[in-house]
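One structure below.
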Amino acid sequence: TVAGLLLFGNRKRLPILLPEMKIDAEWFKGTERASTEWHDRRKIEGPLTDQFDEGMGFLRRWNSRIQSEGSFNQAGSLEVPEPVFEELLVNALIHRDYFIKDSIKLFIFDDRIEIRSPGKLPNSLTVDQIRRGIRRSRNVLLASFAPDILNYRGIGSGIVRALKIWPSISWANDIEGEEVVVTIELPLPASINAPTP
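102 is the number of the first residue of the sequence shown in the numbering used here; add one for each residue after it.
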C-alpha cells in the first residue's frame, strides 16, 4: 500500500514506485515564484522519516543564516524557532492527499515561507478550526504510526503550539486548486527596509 511504502519503504525504490510522493524544496531570491534566481533547491524523496529529516535540514540551512552577536566564529542564530517548522512540516507529510499525484512544495522567499500540500482540507475542516487545534485525519493509517517515527502526537496541539511561538502563520484552503497553503510570514531583512540614499 501507499502507506506501507511511505512508512517502511526502501529509499532507493520508493521514488520509482511513488515518484510524486516527495517534497520539492526551493529557496528563491526575492519574493516572487516567478524569480529566475535561487539560493538552493532540493528534491527530497524516500520514506516519511527521510522526507521529514531532509526537509528540516533544508529549513535549517536557511534558518541559521543570521549572524549572532559576538564573535565572527559563533554559529548563526535562528530566525524562526525550529518547533514551528517541525509542526507544520510533519502535518503536511501526514495530512496531504496522497491520491493527488503531486509533491509537497516547500518555498522560501525573502518575506515568507510557504508549505503547499496537495489536497483541500478534509472532512469539512476549516482554517479557523485548524487555528483552534481541531483536527480531522485524512490518512488514518499514517497518523496511527506517526507518533512512533516522527515528531507527531495527533491530538491537535501542534498547530496551537506553532501559533503561540510564531503568530504570523496563515492558511489558505484552495478548494478549486485542491491545495492547502501554509504561509509563515517573515520580517524583511534590514537591508530591504533601509531607505535608498
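Note that beta-carbon positions come from the ideal geometry of N, C-alpha and C, so glycine has one too.
Note that the structure is a prediction, hence the values are computed from the model and not measured.
Per DSSP, cross-strand counterpart(s) of residue i
i	result
L207	A126 and I216
S55	Only positions 102 to 298 of the chain appear in the structure, and residue 55 is not among them; the question remains open.
Cutoff 8 Å: residue i Cβ touching any chain D Cβ
i	result
I216	Going by chain labels, chain D is absent from the structure shown, which holds only one protein chain.
Beta-carbon gap between residue i and residue j smaller than 8 Å
i	j	result
D141	R112	no
I214	L287	yes
E146	L106	no
W267	V181	yes
G278	L207	no
R262	P184	yes
K144	K130	no
L243	I195	yes
W139	E121	no
Residue i: first and last residue of the uninterrupted alpha helix (DSSP H) it sits in
i	result
E188	E183 to H196
E277	Segment: none, E277 is in no alpha helix (DSSP H) and carries neither H nor E.
R239	Unbroken run through R239: none, as it is neither H nor E.
G131	Counting along the chain, G131 falls outside any alpha helix (DSSP H), and DSSP gives it neither H nor E.
F109	V103 to F109
E121	E121 -> no alpha helix (DSSP H), and no H or E assigned at all.
N224	Neither: N224 is in no alpha helix (DSSP H) and is coded neither H nor E.
E155	L149 to N164
K113	Element bounds for K113: n/a, residue is neither H nor E.
K265	S258 to I266
Top-ranked residue by Cα proximity to residue i, from the options
i	options	result
S198	P223, P182 and D212	Note that residue 198 is Asp in the sequence shown, not Ser. Comparing Cα-Cα distances from D198 to each of P223, P182 and D212, the minimum goes to P223.
F210	N274, F246, S238 and L160	L160
R254	L115, E280 and E188	E188
K202	F186, I195, V181 and G220	G220
T102	T137, G131, N240 and S165	N240
R236	I285, N274, I260 and W139	I260
T284	I276, D275 and S269	S269
V282	A126, A193 and A247	A193
Q230	I276, S136, G257 and D275	G257
A273	T227, A247, A104 and I205	T227
L108	D212, A247 and S136	A247
Q276	G158, S204, S218 and T132	Note on identity: in this sequence residue 276 is Ile, with Gln being the wrong assignment. For the residues G158, S204, S218 and T132, the minimum Cα distance to I276 belongs to S218.
D249	S165, L149 and R134	L149
I216	G110, F153 and A104	F153
D212	A104, N252, N164 and G110	N164
E280	I205, R134 and S225	I205
Residue interval of the beta strand (DSSP E) (run including residue i)
i	result
I145	W139 to I145
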